[in-house]
Amino acid sequence: MCRNGIDEPLPGAPHLKGVLYDGLCPICVAEIRFLQFVQRNIKPGRVNFVDISLAGYDGAKHGNVSYEMAMEVMHVIDEKEQVHRGVPAFAVMYSAVGLGWLGRLMMSAPVRPLMDQAYAVFARNRLKWTGRGEECSKGRCEKRTR
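Just add 10 to the spot in the sequence shown (first one is 1) and you have this note's numbering.
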């Protein structure tokens, strides 16, 4: 079942219609690049990564998750169109690329409260920490595209 710490693809493993990420966030992009590498080399075709910073992003096509909503916390849309937010979104995403052990760890009873708190701090401060704090300074993110 496990080879080199990566879960083997399982029949019926989730196909994610959308992992929504901010392509202008260097921290977010680094994580997505890692997951794309894992997907290419371990479980091809399981995850559709969607850069919300691109001009054509349309929330209606991605679980009705608006740009503003996607900027607040991580969103993942599964094959049943269910939208996962925050830490559960990460767990679903990691499972889809073969890192299910990490998703299970994040969601375990002793770890989940810590993950929720740590992610809340990150989500609230990531723009400021990456030099983009002015984009959401009025309590609402202004759409900035590339």
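Beta carbons are placed, not taken as given, at the ideal position from N, Cα and C, and that holds for glycine.
Do residue i and residue j have their CB atoms nearer than 8 angstroms?
i    : j    : result
K27  : N74  : no
V97  : M81  : no
H72  : V60  : yes
E89  : H25  : yes
A101 : G113 : yes
G66  : S76  : no
V39  : M103 : no
R136 : I42  : no
Say yes only if the C-beta of residue i is nearer than 7 angstroms to one or more non-hydrogen atoms of the ligand HEM, and no if none qualify.
i   : result
E91 : For the structure depicted, the ligand HEM is absent and the ligand set is empty, with no information on it obtainable.
Using alpha carbons as the reference points, say which of the options lies closest to residue i.
i    : options              : result
M79  : F47, R134, V39, V102 : R134
Q127 : V83, I52, C38        : V83
N51  : A40, V107, A119      : V107
L64  : R43, H94, Y31, V93   : Y31
F44  : H94, I62, L109       : L109
Helix, strand or coil: which one does DSSP assign to residue i?
i    : result
V121 : coil
D32  : coil
L45  : helix
V57  : strand
L26  : strand
I62  : coil
Y67  : coil
M103 : helix
V39  : helix
I52  : coil
R114 : helix
R134 : helix
With residue i and residue j assumed to form a contact (beta carbons below 8 angstroms), what rounded beta-carbon distance in angstroms separates them?
i   : j    : result
L34 : R122 : About 29 angstroms; that fails the 8 angstroms criterion.
Q46 : R56  : Not a contact, Cβ separation roughly 11 angstroms.
**Study point:** Entirely enclosed beta strand (DSSP E) segments - the segment 69-101, minimum 3 residues
**Key:** The segment 69-101 contains these whole beta strand (DSSP E) runs: 85-87, 93-95.
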